[in-house]
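This report refers to the structure that appears directly beneath it.
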Amino acid sequence: MKALLLRMFILRMLALAPILALLSTSLSAAESKLPSGGLSVTKPSTSISLGSEAMAKWARSCALCHITGEANAPVIGDTLEWQQRLQKGEAALLNNVVNGINSMPPLGYCMSCEAADFRVMIDYMAGVK
Amino acid sequence: MRKISRRSFLASSVKAALFSGVGGFAVKGGASAESVSWSNWSGGQTCQPAGRYDIGSEEHLSSLLKKTSGAIRPVGSSHSFSPLVPTDGHLIVIDRLSGILEYDSETKQATIGAGSRLGDLGDPLAAIGQGMVNLPDIDRQTVAGAIATGTHGTGVALQALSACVASLRLVTPGGEVMDIDATNPDLLHAARVNVGALGIVTQVTMQNRESYKLKKREWAAPTEDILENFDELAASHRHFEIFPLVYSDYSLVLSIDETDEPIGQIEIEAVPSDDASIAESLGLSDNPTPAERRRMSNATASRIQATESVDVSHKILSNVRNSRFNEMEYSVAAEVGAECLREILKTIYDEKIDVQFVLEYRYVGADQDWLSMSYGEHSHATISIHRMASEDYRPYFDRIEPIFWKYGGRPHWGKVHSLTHKELSGLYPRFNDFMELRQELDPHGRMLNPHLRALFNA
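Here the protein sequences line up with chains R and B, keeping their order.
Just so we're on the same page, our numbering is the position in the first sequence counted from 1, plus 1.
Just so we're on the same page, our numbering is the position in the second sequence counted from 1, plus 1.
And the structure:
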C-alpha cells in the first residue's frame with residue numbers, strides 16, 4: 002500500500018513535472034511558419050479544401066497543434082482518430098472547441114472564429130464532408 | 002458523376018449518421034445558437050461579446066474606429082489570466098496583423114505585425130540572422146499582448162519584452178494613427194506596457210540581436226542552498242531561476258547560457274526504480290501529513306538528475322505547456338525576494354494548503370516603462386504561484402496575495418490580482434501619469450471594461 006501510494010505520488014509529481022515543474026519540455030514549434038511578411042503552412046494530408054479565409058484562420062490557430070499532434074491533438078487527416086471525436090456528436094464537439102478541452106484552449110486560439118468556421122475546420126481536419 | 006473513395010464514403014456515412022438530427026449547439030453564455038462566447042486560455046475568464054471585428058489591416062482598423070463608438074477590447078491569444086479582455090462590446094481580433102514587415106540587418110531591428118505569435122517568430126527571425134533578446138516561458142502570446150501586459154522572461158540583466166520595443170504604431174480609440182518612438186521617450190515608456198488601454202497596437206519594431214544558441218541545464222537542489230547564493234548565481238548565468246517544490250526542501254533549478262556547442266539534448270531517467278524500498282523507509286500513511294509529504298518530495302527530488310540541452314535561443318527559452326492553469330505573479334524588490342518566497346512556502350506548509358504546483362522564482366532586469374513591474378533603477382524578483390485550470394484558484398491565491406502586498410509587490414498585468422488604482426498608484430511612480438494619458442487618448446472610455454475601470458479609476 003505504501004509502495005503504491007509512493008508510486009502514485011511520484012507518478013503524479015512526474016506527470017506534472019514536465020508541465021508544472023518545467024522539466025524536460027522543449028519547444029516543438031508548430032509547422033506553421035511566419036516567413037518575412039507572411040505565413041505559410043505545411044500542406045496537410047487531407048482531401049478536403051478550405052476557402053482561403055478559413056484556411057488562413059486555420060493556419061493561424063488549429064494548425065499550431067493539429068499538424069504535429071502536439072498535446073495529443075488529433076492530426077489532420079487521421080480519420081480513425083477523428084472518427085472517435087465525431088462520435089461525441091457535433092454539439093459536444095463544438096462545445097469542446099468553444100470552451101476548451103484537455104490541453105486545447107477555448108476557441109483553439111482562433112479568436113475571430115464563429116461556430117460556422119469551427120464546423121468547416123472540423124470537417125477539414127477530419128477529412129469528412 | 003464524381004467518384005469518391007470507399008474511405009471517404011464511409012467517413013461521410015459515419016458523420017451523417019452521427020450528426021443527423023443535431024440542431025445547433027449550446028455554448029457557455031451563448032446569446033444565440035450560433036454565437037460563441039469568449040474564454041481565456043485557462044477558461045477562468047469568459048464573456049459574451051456583442052461581436053468580433055477581424056482586423057485585416059491598419060487602415061481597416063482606423064476606419065472602423067472612426068466610424069464606430071461602442072465599447073471595444075483588443076484580444077490576442079487570450080493568455081491573460083486577469084480580466085483584461087471581457088466585454089459586452091466588440092472584440093478587436095488582430096491575428097491577421099502578423100509577420101515580419103521589414104528588418105534592418107545593421108541595427109538588428111525588425112518591424113513585426115502586432116498580432117504575430119511569439120512562437121511563430123523564432124524561425125523567420127533566425128532566417129534573417131536575428132533572435133529576440135529574451136522570451137517568456139510560454140510563447141503562444143501575440144507580440145501586442147505580451148508587451149501590453151509587461152510579460153517578461155528570466156535574467157537579472159535582461160528586461161521585459163516591452164523594453165526591447167524601439168517603436169510602435171498605435172491606433173487610438175478615435176482611429177488616429179500614432180507612431181511612437183524614442184524621440185518622445187515619455188510616450189514610448191507609457192505606450193509599451195499599455196494594458197490595452199490606450200488604443201490598438203498594430204506593429205512594433207523590436208530591438209533584437211544576432212541569432213544565437215543557448216545551453217540549458219536543469220537539476221534539483223535544496224532551496225535554501227540556492228537562495229543563499231541566488232544573487233551570485235543569477236549574475237553568473239544569462240538566465241537563472243528556480244521552481245520551488247511545495248512541501249519540500251528542494252527546488253528545480255534552471256540555468257541558461259550562450260554557447261557554441263552543437264545542438265542536442267541529454268535525457269536521463271528521473272524516476273527512482275526502487276520506490277518500494279523508499280516507501281518502507283518513509284513509513285507513508287494513507288493521508289500523508291505535511292511532514293510526510295515533505296519526506297516524499299525530498300526523496301523524489303533528490304533523485305532527479307541533471308539534464309542539459311543545446312538549441313537555438315527561441316527553442317530553449319520557451320516551452321509548450323500542455324496543461325492549462327491559472328497564475329498569480331508579483332514582483333518585489335530583489336533584496337526581499339527570498340524572504341517573501343520563504344513566507345509563501347511556509348504558509349502553504351503550515352496551513353496545509355492542498356496544492357502541488359511548483360512556484361517560480363527569478364530576477365528580471367529594471368526598466369523605465371511606466372507600468373512595468375520592474376520599473377525603477379534595480380532589478381526585481383518575481384514570484385509566481387499556480388493552480389490547475391480545473392481547480393478553483395481563488396482560496397489559494399486569496400491567501401497568498403497579501404504576502405506579496407506585505408513586501409510591496411507589483412502585480413503582473415496579465416495574471417490574477419485584485420488591486421485597484423488605490424493601491425496601484427502607490428506602487429508605480431508614474432501610475433497617475435498613465436491615467437492622465439489614458440484619459441487623453443480615450444476620453445469616452447470605449448476601451449474600458451469593468452476591470453480596467455477599477456484599475457484606472459475611470
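Built from N, CA and C at the ideal position, the CB exists for glycine as well.
These numbers were taken from a predicted model, which means no experiment stands behind them.
C-beta neighbour in chain B for residue i, strict 8 angstroms
i	result
R/VAL99	yes
R/SER53	no
R/TYR86	In the sequence as presented, Tyr is not what sits at residue 86 of chain R; that position holds Arg. Not an interface residue.
R/ALA72	yes
R/GLU115	yes
R/THR125	The identity of residue 125 of chain R in the sequence shown is Tyr, whereas the question assumes Thr. Chain B, which has no Cβ nearer than 8 angstroms to the Cβ of R/TYR125, makes this no.
R/PRO107	yes
R/MET112	yes
R/MET122	no
Any C-beta of chain R under 8 angstroms from that of residue i
i	result
B/VAL172	no
B/SER83	no
B/ASN323	yes
B/SER314	no
B/GLY151	no
B/VAL37	yes
B/VAL76	yes
B/GLY44	yes
B/LEU346	no
B/ARG53	yes
B/SER106	no
B/SER40	yes
B/VAL94	yes
B/SER79	yes
Delimiting residues of the beta strand (DSSP E) encompassing residue i
i	result
R/GLY101	Per DSSP, R/GLY101 belongs to no beta strand (DSSP E) and is neither H nor E.
B/LEU215	214-223
Separation of residue j from residue i, as counted between CA atoms
i	j	result
B/HIS500	B/SER256	In this structure chain B extends from 2 to 459, so residue 500 of chain B is not present and cannot be described.
B/TYR331	B/GLU242	15 angstroms
B/LEU453	B/THR108	36 angstroms
B/VAL166	B/LEU126	15 angstroms
B/SER319	B/ALA459	36 angstroms
R/VAL129	B/GLU352	53 angstroms
B/HIS61	B/PHE358	44 angstroms
R/CYS111	B/VAL172	23 angstroms
B/GLY132	B/TYR397	38 angstroms
B/SER314	B/ASN299	32 angstroms
B/ARG218	B/VAL254	8 angstroms
R/ARG86	B/ARG325	21 angstroms
B/GLY176	B/PRO403	40 angstroms
B/ALA128	B/LYS407	47 angstroms
B/ASP443	B/GLY197	11 angstroms
B/LYS67	B/ARG439	18 angstroms
B/THR152	B/ILE95	18 angstroms
Residue range of the unbroken alpha helix (DSSP H) whose run includes residue i
i	result
B/SER332	Counting along the chain, B/SER332 falls outside any alpha helix (DSSP H), though it belongs to the beta strand (DSSP E) covering 326-334.
R/GLU82	80-87
B/GLY123	123-128
Residue i beta carbon near the ligand MG (any heavy atom closer than 7 angstroms)
i	result
R/ASN73	By its list of ligands, the structure shown contains no ligand whatsoever, and the ligand MG lies outside what it can speak to.
Below-8 angstroms beta-carbon distance, residue i vs any chain D residue
i	result
B/ASP182	In the displayed structure, chain D is absent; the protein chains listed are R and B.
* To do: Ignoring anything shorter than 3 residues or poking outside the segment 32-101 of chain B, list the beta strand (DSSP E) runs there in chain order.
  => The segment 32-101 of chain B contains these whole beta strand (DSSP E) runs: 52-55, 73-76, 91-94.
- Item | Whole runs of the beta strand (DSSP E) within the segment 143-179 of chain B, excluding any shorter than 3 residues | Listed in chain order, they are 166-172.
TODO: Could you tell me whether the segment 130-148 of chain B touches the segment 69-81 of chain B, using the rule of 3 or more Cβ pairs below 8 angstroms?
DONE: Under the Cβ criterion (8 angstroms, minimum of three pairs), the segment 130-148 of chain B counts as touching the segment 69-81 of chain B.
Quick check: the segment 415-432 of chain B against the segment 48-57 of chain B, are there 3 or more CB pairs under 8 angstroms?
Verdict: no, contact absent.
Taking 8 angstroms as the cut-off, does the segment 178-187 of chain B touch the segment 221-241 of chain B (at least 3 CB pairs, one atom from each stretch)?
Contact between the segment 221-241 of chain B and the segment 178-187 of chain B is absent, because fewer than three Cβ pairs lie under 8 angstroms.
**Asked** In chain order, which alpha helix (DSSP H) runs of at least 4 residues are fully inside the segment 400-451 of chain B?
**Response** Whole alpha helix (DSSP H) segments, 4+ residues: 422-428, 432-442.
Take every Cβ of the segment 382-394 of chain B, pair it with every Cβ of the segment 199-206 of chain B, and state whether three or more of those distances are shorter than 8 angstroms. No contact exists between the segment 382-394 of chain B and the segment 199-206 of chain B.
* How about the segment 52-59 of chain R and the segment 86-99 of chain R: do they share at least three Cβ pairs that are nearer than 8 angstroms? -> They do not touch, by the three-pair rule.
Would you mind listing the alpha helix (DSSP H) stretches within the segment 313-387 of chain B that are 4+ residues and don't spill past its ends, in chain order? Here the runs fully enclosed are 314-318, 335-351.
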